């Protein structure tokens, strides 16, 4: 078929490739990034010493108590809001915690930190975690 509607442009056949830039840094200070320069922020912050990120406590948010963690995450939220383009998305993956048999709704606390920084909540996705140490217990008592 030689239909003009089926003809592809050179850009459609060989689209321009995008080369992402990767940097190591601290999300509490994104001074290397200009305002309104990011299209997407996707983060899974360290919390409650659940995942072993480092052998050093210096700068590792996972070693902080909840109040200090939220204070430091407010810096992350403000910097994220500053660098994110208007109308673009910020996605945060974080779980709740349990201390002394009580649930600590860390996810909801963190939502408030991001709202205070200027973000608007567009969606809340709750993931059911399977195959965890306490999964059977929580299903049995609910």
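Residue numbers (this note's numbering): 167 to 308.
Beta carbons are placed, not taken as given, at the ideal position from N, Cα and C, and that holds for glycine.
Since the model is a prediction, treat every value here as computed from it, not as a measurement.
Limits of the alpha helix (DSSP H) - the one that residue i falls within
i, result
"residue 194", "Neither: residue 194 is in no alpha helix (DSSP H) and is coded neither H nor E."
"residue 265", "Looking at the DSSP string, residue 265 is not in any alpha helix (DSSP H); the run it does join, the beta strand (DSSP E), is 263-265."
"residue 205", "Note, residue 205: premise wrong, no alpha helix (DSSP H); beta strand (DSSP E) at 204-209."
"residue 279", "272-282"
Among the options, the one whose alpha carbon lies nearest that of residue i
i, options, result
"residue 291", "268, 297, 262 and 228", "262"
"residue 188", "199, 182 and 194", "199"
"residue 242", "211, 185, 229 and 219", "211"
"residue 273", "194, 214, 219 and 255", "214"
CB of residue i within 7 Å of CB of residue j, strictly
i, j, result
"residue 196", "residue 238", "no"
"residue 190", "residue 240", "no"
"residue 251", "residue 192", "no"
"residue 256", "residue 207", "yes"
"residue 236", "residue 293", "no"
Residue i versus residue j - alpha carbon distance
i, j, result
"residue 222", "residue 234", "17 Å"
"residue 277", "residue 209", "13 Å"
"residue 226", "residue 258", "17 Å"
"residue 253", "residue 283", "15 Å"
"residue 203", "residue 249", "5 Å"
"residue 194", "residue 268", "29 Å"
"residue 287", "residue 260", "15 Å"
"residue 295", "residue 271", "15 Å"
"residue 231", "residue 289", "27 Å"
"residue 220", "residue 297", "25 Å"
"residue 266", "residue 224", "26 Å"
Limits of the beta strand (DSSP E) - the one that residue i falls within
i, result
"residue 250", "250-258"
CB-CB length for residue i against residue j, believed under 8 Å
i, j, result
"residue 247", "residue 285", "6 Å"
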